[in-house]
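Colleague: Could you have a look at this structure, given as structure tokens, before my questions?
Protein chains: 2
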Amino acid sequence: MASTHAAAPGGDRRRQRRAATKAEILRIAAELMAAEGAGGLSLSAIARRMGIQPPSLYKYFSSRNAVYDALFAEGQRAFSAALREGAEGAPPGLPALEAGVTAGLRWAVEHPPLAQLLFWRPVPGFTPSAESYAPALEAVGRIADLVAGAVHEGHLHPDAATDEGRELLGVLLAGVVTQQLANDPGTAFAEGRFSRHTPAVLRAFRLHYPPPAA
Amino acid sequence: MASTHAAAPGGDRRRQRRAATKAEILRIAAELMAAEGAGGLSLSAIARRMGIQPPSLYKYFSSRNAVYDALFAEGQRAFSAALREGAEGAPPGLPALEAGVTAGLRWAVEHPPLAQLLFWRPVPGFTPSAESYAPALEAVGRIADLVAGAVHEGHLHPDAATDEGRELLGVLLAGVVTQQLANDPGTAFAEGRFSRHTPAVLRAFRLHYPPPAA
DNA sequence: AGCTTTAGCTATGGCTATTAGCCTTAGCTG
DNA sequence: CAGCTAAGGCTAATAGCCATAGCTAAAGCT
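Residue numbers (UniProt numbering), protein chains in the order written: chain C, 1 to 214; chain E, 1 to 214.
If you want it as structure tokens, here you go:
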């Protein structure tokens, strides 16, 4: 038994419990957003679900926007992870780019409330904090790296690795997510009226930046 | 003088005044949305601006969502008109398609709050009514016609006029609007970090559906 | 065992949308 | 032109929201 508390310097039990509660709040928040839309999050509703009074939530998050901020950060991390994991399983170059991007899109379609938070500006008073935005830059950098990799492998024209190329790819990704979430929500990635065209979208990008004549 | 009321059967003056007030409400609503984001519309704020009490607004709109609905309808009509007017000035076929689409995108970027209402789902409890949605279908049909025209002129592969082609084009348009409004708002269409790539986006679509070898 | 911190509570304030009901007057109609 | 109708404003009130202040009990660290 003594072994169970071996690695804890100060305030371990409390810290753990606190982290668990925060996680529960975010989990419920995401559920409510799924039902009401990203902008429809209500602290009162979260509290009701948890069986506590609304002001008690302020022990964990300093405001409603702080909850949004935490969700934004979580979403960015998950999106970035999806990109990475998708790309890892594929050969370097274009396959890695396409696998990563596809995995990212799949994640977005499967997590509508978080994706709305990342891709849209659905909450009036809320803009992500600098810390929460950091993973967003990481995701952007990751995509840039994948594009650069495809160019390096000779799979895409070098222009793909310019601002134009990266921004164009961003437009394509945002387009798939936006159309799918706004006009055909609740459908799985593979069947989604828009997300199912992900391969066609990638093909368009490829055709726009064909590899230099070998 | 008699001529001024000639063509009015019943309640003309009142009807006119009422219409003007409704229009003023919508105009102010759009202004407020521009400042706060589409989801941040407040009837109280509208009333304050007009110098009346909030409940008085209910004489003109039955609810906050009814205001959104009217704005949605107005936006769809304006977007559809932009498409039409853009296409009219260009030769039929691909030029008309690209001119129409470009004009539509320009309109969207220049009218952020209405565009958000059309392309995203930024308001929790609101879904457009059937009547307000009708012009949306008209806009979709208009784009479909333009695509069909370009195919008919031999400027695009017939596959462009399939569901995939139309949906792909929708993805591209939504992508430009989404990225521009979410990540570089307030910049003009020509300079927008994403909207300036509209020609590249259209080129990608063209390359994806090259005309049959003549 | 004692003390500190945590995590809950209630009460309160100020905002919101919405409903009900009143009242004045603009302006239509006989 | 006189009278009536209804349009368009108002106040009051309900129910919900976020947020702050301050209290209390117990959890758990030392």
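For each residue, glycine too, the CB sits at the ideal point set by N, CA and C.
Can you give me the Cβ contacts of M33 of chain E inside the same chain, cut-off strictly under 6 Å, excluding the 5 residues immediately before and after it?
Modeller: These residues qualify, in order along the chain: L41 and P113.
Colleague: Quick check: what's the CA-CA separation for R77 of chain E versus F61 of chain C?
Modeller: Going by the C-alpha atoms only, they are around 43 Å apart.
Colleague: Let me see if you follow: with CB-CB separation under 7 Å, is W107 of chain E close to chain C or not?
Modeller: For W107 of chain E, the answer is no, since every Cβ of chain C falls outside 7 Å of its Cβ.
Colleague: Quick check on G149 of chain E: buried or exposed, where buried means 16 or more other Cβ atoms within 10 Å of its Cβ?
Modeller: Label assigned to G149 of chain E: buried.
Colleague: Count the other CB atoms, across all protein chains shown, that sit within 10 Å of the CB of A173 of chain E; report buried if there are 16 or more and exposed otherwise.
Modeller: A small correction: the amino acid at residue 173 of chain E is Leu; Ala does not occupy that position in the sequence shown. Result: buried.
Colleague: Counting C-beta neighbours from all protein chains within 10 Å, is the total for G165 of chain C 16 or more, i.e. buried, or is it exposed?
Modeller: Per the 10 Å Cβ criterion, buried.
Colleague: Report the residue ranges of all alpha helix (DSSP H) runs contained in full by the UniProt domain "HTH tetR-type" (19-79) of chain C; include only those spanning at least 4 residues, in chain order.
Modeller: Those alpha helix (DSSP H) runs which fall completely within the UniProt domain "HTH tetR-type" (19-79) of chain C and span 4+ residues are 43-50.
Colleague: Using alpha carbons as the reference points, say which of E:Y68, E:G39 and E:Q53 lies closest to A23 of chain E.
Modeller: Closest by alpha carbon: E:Y68.
Colleague: Do the segment 39-54 of chain E and the segment 120-136 of chain C make contact, defined as three or more Cβ pairs closer than 8 Å?
Modeller: Short answer: they touch.
Colleague: Leaving aside the five residues before and after P210 of chain C along the sequence, list all residues of the same chain whose C-beta is less than 8 Å from its C-beta, in chain order.
Modeller: Cβ within range, chain order: L156 and H157.
Colleague: Tell me which residue opens and which closes the alpha helix (DSSP H) that residue 298 of chain C is part of.
Modeller: With chain C covering only 1 through 214, there is no way to say anything about residue 298 of chain C.
Colleague: In angstroms, rounded to a whole number, what distance separates the CA positions of S56 of chain E and M50 of chain E?
Modeller: Taking the straight line joining both Cα atoms gives about 11 Å.
Colleague: Out of E:L207, E:A136 and E:E131, state which residue places its alpha-carbon closest to the alpha-carbon of N183 of chain C.
Modeller: Of E:L207, E:A136 and E:E131, the residue nearest in Cα terms is E:A136.
Colleague: Out of C:H152, C:A66 and C:A103, state which residue places its alpha-carbon closest to the alpha-carbon of L94 of chain C.
Modeller: Minimum Cα distance to L94 of chain C is reached at C:H152.
Colleague: Please confirm whether P122 of chain C has its beta-carbon closer than 7 Å to some beta-carbon of chain E.
Modeller: Yes, P122 of chain C lies at the interface with chain E (some Cβ there is under 7 Å from its Cβ).
Colleague: Does V176 of chain C have its Cβ less than 7 Å from a Cβ in chain E?
Modeller: It does; some Cβ of chain E falls within 7 Å.
Colleague: Would you grab the beta carbon distance between V177 of chain E and A108 of chain E for me? Rounded to a whole angstrom, and I think it's under 8 Å.
Modeller: That belief holds up - the Cβ atoms of V177 of chain E and A108 of chain E are roughly 5 Å apart, short of 8 Å.
Colleague: At the level of alpha carbons, what is the spacing between A161 of chain E and G141 of chain C?
Modeller: When rounded, the distance between both Cα atoms is 36 Å.
Colleague: Does any CB atom of chain C fall closer than 7 Å to the CB of G39 of chain E?
Modeller: Taking Cβ atoms only, chain C reaches closer than 7 Å to G39 of chain E, which makes this a yes.
Colleague: Quick one: using the 10 Å Cβ neighbour count with 16 as the cut-off for buried, is G175 of chain E buried or exposed?
Modeller: It is buried - the Cβ of G175 of chain E has at least 16 other Cβ atoms within 10 Å.
Colleague: Contact criterion: CB-CB distance below 7 Å. Does V147 of chain C meet it with respect to chain E?
Modeller: No - not a single Cβ of chain E is within 7 Å of the one on V147 of chain C.
Colleague: At a CB-CB cut-off below 7 Å, which residues of chain E make contact with F79 of chain C?
Modeller: Simply none; closest approach about 14 Å.
Colleague: Mind listing which residues of the segment 150-184 of chain C have their C-beta closer than 7 Å to chain E's C-betas, in chain order?
Modeller: The residues in question are E164, E167, L168, G170, V171, L172, A174, G175, V176, T178, Q179 and A182.
Colleague: Please decide whether H111 of chain C counts as near chain E, where near means a Cβ-Cβ distance under 7 Å.
Modeller: No, its Cβ sits nowhere closer than 7 Å to a Cβ of chain E.
Colleague: Verify the CB distance criterion: does A23 of chain E have a CB-CB separation below 7 Å to chain C?
Modeller: Cβ-Cβ to chain C under 7 Å: no for A23 of chain E.
Colleague: Would you report the Cα separation of E110 of chain E and L26 of chain E, rounded to the nearest angstrom?
Modeller: Whole-angstrom Cα-Cα distance: 17 Å.
Colleague: How big is the Cα-Cα spacing for Q179 of chain E and R84 of chain E?
Modeller: Each residue's Cα considered, the two are about 24 Å apart.
Colleague: Any beta carbon of chain E sitting closer than 7 Å to that of I143 of chain C?
Modeller: By this cut-off, I143 of chain C is not an interface position.
Colleague: Just the Cα atoms here: how many angstroms apart are S80 of chain C and E138 of chain C?
Modeller: Looking at the two C-alpha atoms, the distance is approximately 7 Å.
Colleague: Using CA atoms only, rank isn't needed, just tell me which of C:T21, C:V171, C:V101 and C:A45 is closest to E31 of chain C.
Modeller: Checking every option, the nearest Cα to that of E31 of chain C belongs to C:A45.
Colleague: Counting only beta-carbon atoms, is L97 of chain E nearer than 7 Å to chain C?
Modeller: Taking Cβ atoms only, chain C never reaches closer than 7 Å to L97 of chain E, which makes this a no.
Colleague: Can you pull the chain C neighbours of E36 of chain E, defined as C-beta to C-beta under 7 Å?
Modeller: Residues of chain C passing the Cβ test: P124.
Colleague: To the nearest angstrom, how far is it from the Cα of L202 of chain E to the Cα of W120 of chain E?
Modeller: The alpha-carbon atoms of L202 of chain E and W120 of chain E are separated by roughly 22 Å.
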